[in-house]
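Accompanying notes for the structure given below.
In my numbering, the protein residues as written are 363 to 545.
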């Protein structure tokens with residue numbers, strides 16, 4: 363090659379080079395704008411998710427609220443779960459085992475205690491000269507049987523022997539309330 367030949371860079375049009383540089387700068391500016399727009403989302407959403415996920419309400423420990431009305435108590439629920447699952451008490455209730463029978467007897471005792479509490483509330487109201495329209499009924503059912511059902515295109519046959527159910531109904535004396543009663 364001769365020395366008079368021009369190099370490849372010298373043959374380029376300077377206007378074309380500057381327009382290419384301007385395009386690249388615009389593309390970088392758009393990228394920056396997009397990232398600045400996404401940055402709050404990429405920071406806020408994970409922070410909010412973690413905050414909302416780990417933020418639990420304060421557990422209620424007392425059995426009654428400030429006005430004296432009964433409320434669900436986390437400590438009461440945990441004591442029942444501990445009673446039913448702790449191996450030193452009843453333990454895990456495999457069907458047909460001694461623990462299963464103990465768990466059933468424990469549940470019946472809890473329902474009987476609730477029925478006595480209803481009677482106590484009515485007696486206390488009567489003693490104070492008030493009437494409380496409160497009825498608490500409970501039933502213990504035991505049955506055996508079989509049935510068939512489909513799950514995910516699979517036919518399942520289920521049979522059970524001496525399955526027990528405990529029903530507890532809180533209602534008032536009106537017949538309409540019995541159909542809408544809490545079971």
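All C-beta atoms in this analysis are idealised placements derived from N, C-alpha and C, irrespective of residue type, glycine included.
Alpha carbon to alpha carbon, how far is residue j from residue i? Give it in angstroms, no decimals.
| i | j | result |
| --- | --- | --- |
| residue 375 | residue 388 | 20 Å |
| residue 491 | residue 533 | 21 Å |
| residue 393 | residue 401 | 12 Å |
| residue 435 | residue 427 | 10 Å |
| residue 471 | residue 478 | 10 Å |
| residue 573 | residue 420 | As shown, the chain starts at 363 and ends at 545. That puts residue 573 outside it, with no answer to give. |
| residue 382 | residue 391 | 14 Å |
| residue 446 | residue 411 | 34 Å |
| residue 526 | residue 539 | 26 Å |
| residue 521 | residue 510 | 9 Å |
What is the residue span of the alpha helix (DSSP H) that residue i lies within?
| i | result |
| --- | --- |
| residue 470 | 460 to 489 |
| residue 438 | 436 to 447 |
| residue 541 | 537 to 541 |
Assuming contact is defined by CB atoms lying nearer than 8 Å, are residue i and residue j in contact in what I supplied?
| i | j | result |
| --- | --- | --- |
| residue 530 | residue 502 | no |
| residue 483 | residue 464 | no |
Just verifying my parser: in three-state terms, what is the DSSP assignment at residue i?
| i | result |
| --- | --- |
| residue 525 | strand |
| residue 452 | coil |
| residue 423 | coil |
| residue 492 | coil |
| residue 431 | coil |
| residue 517 | strand |
| residue 364 | Note that residue 364 scores 48 on pLDDT, short of 50, meaning its location in the model is unreliable and no value can be drawn from it. |
Can you tell me where the beta strand (DSSP E) holding residue i begins and where it ends?
| i | result |
| --- | --- |
| residue 508 | 497 to 513 |
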